[in-house]
Amino acid sequence: MTIAPDRILTVMRHAHAAQGFGIEDAERELTEQGIREAHEAASAVGTVGQVLCSTATRARQTLRELRLPAEPNVDYESRIYSGDADTLLDLVRSAPDEAYGLLLVGHNPTVHLFCHSLLGDQTPASFPTAGLVRIAVRGPWHELDSTRCDRVL
Numbered sequence: 001m002t003i004a005p006d007r008i009l010t011v012m013r014h015a016h017a018a019q020g021f022g023i024e025d026a027e028r029e030l031t032e033q034g035i036r037e038a039h040e041a042a043s044a045v046g047t048v049g050q051v052l053c054s055t056a057t058r059a060r061q062t063l064r065e066l067r068l069p070a071e072p073n074v075d076y077e078s079r080i081y082s083g084d085a086d087t088l089l090d091l092v093r094s095a096p097d098e099a100y101g102l103l104l105v106g107h108n109p110t111v112h113l114f115c116h117s118l119l120g121d122q123t124p125a126s127f128p129t130a131g132l133v134r135i136a137v138r139g140p141w142h143e144l145d146s147t148r149c150d151r152v153l
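For the sequence shown, the UniProt record's numbering begins at 1 and goes up steadily by one.
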């Protein structure tokens, strides 16, 4: 018998961005390929009530190009761009518990390491641009740890 999760965490890497020749890394924009990737990934995102998104241009554009059907609460967070896996864990743990679906849009290698910290061997071997992992979470966000997570997608 399968038990329904209390929460769904979707961790997504931003879509494909232009190379950073002559511009700051945080200002890199999505390419046409990246826009297509975001559109294609949109159907796998699921229901989202809360978004944690990097402040980097390519992450913000990825979120916009997902064209989420509902209007979730969005927090743009610079620590997603500059932080590590523990930073992402702290940010997700601070999400409001009434948010069933949470989407985190960030960067590699941090999103991959974060997923590995929660899923261990269930983590995909790679995390391509616009790649995402959906994680079933048992319990409230503030108690998130590896013992409460299972990979859904």
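Ideal Cβ placement from N, Cα and C applies to all residues, glycine included.
Because the structure is a prediction, the values reported are computed rather than measured.
Determine the DSSP secondary structure at residue i, reduced to helix, strand or coil.
i      : result
VAL105 : strand
SER146 : helix
VAL152 : coil
LEU68  : coil
HIS16  : coil
ALA4   : coil
ILE23  : coil
The alpha helix (DSSP H) spanning residue i covers which residue range?
i      : result
LEU119 : 110–119
ALA41  : 32–45
Hey, how far is the Cα of residue i from the Cα of residue j?
i      : j      : result
HIS107 : ALA42  : 17 Å
ASP145 : LEU89  : 8 Å
LEU9   : ILE23  : 32 Å
TYR81  : ARG13  : 11 Å
THR31  : ALA136 : 31 Å
Buried or exposed: residue i, going by 16 or more other Cβ atoms within 10 Å of its Cβ?
i      : result
THR110 : buried
ARG93  : exposed
ASP65  : It should be pointed out that residue 65 corresponds to Glu in this sequence rather than to Asp. Buried is the call here.
GLN19  : exposed
Can you give me the start and stop residues for the beta strand (DSSP E) that residue i sits inside?
i      : result
ASP75  : 73–77
LEU52  : 50–54
ALA136 : 132–137
Taking the alpha carbon of residue i as the point to measure from, which residue in the options has its own alpha carbon closest?
i      : options                        : result
SER78  : THR62, LEU52, TYR100           : LEU52
GLY139 : VAL133, ARG148, GLY131         : ARG148
ARG134 : LEU119, TRP141, GLU143, PRO128 : LEU119
ALA4   : HIS142, GLN33, TYR100, ASP25   : TYR100
ARG151 : GLU143, LEU132, TRP141, HIS142 : LEU132
THR55  : ALA38, ASP6, PHE127, GLU29     : GLU29
Taking only beta-carbon positions, decide if residue i is within less than 9 Å of chain D.
i     : result
GLU40 : Included in the structure is just one protein chain, with no chain D present.
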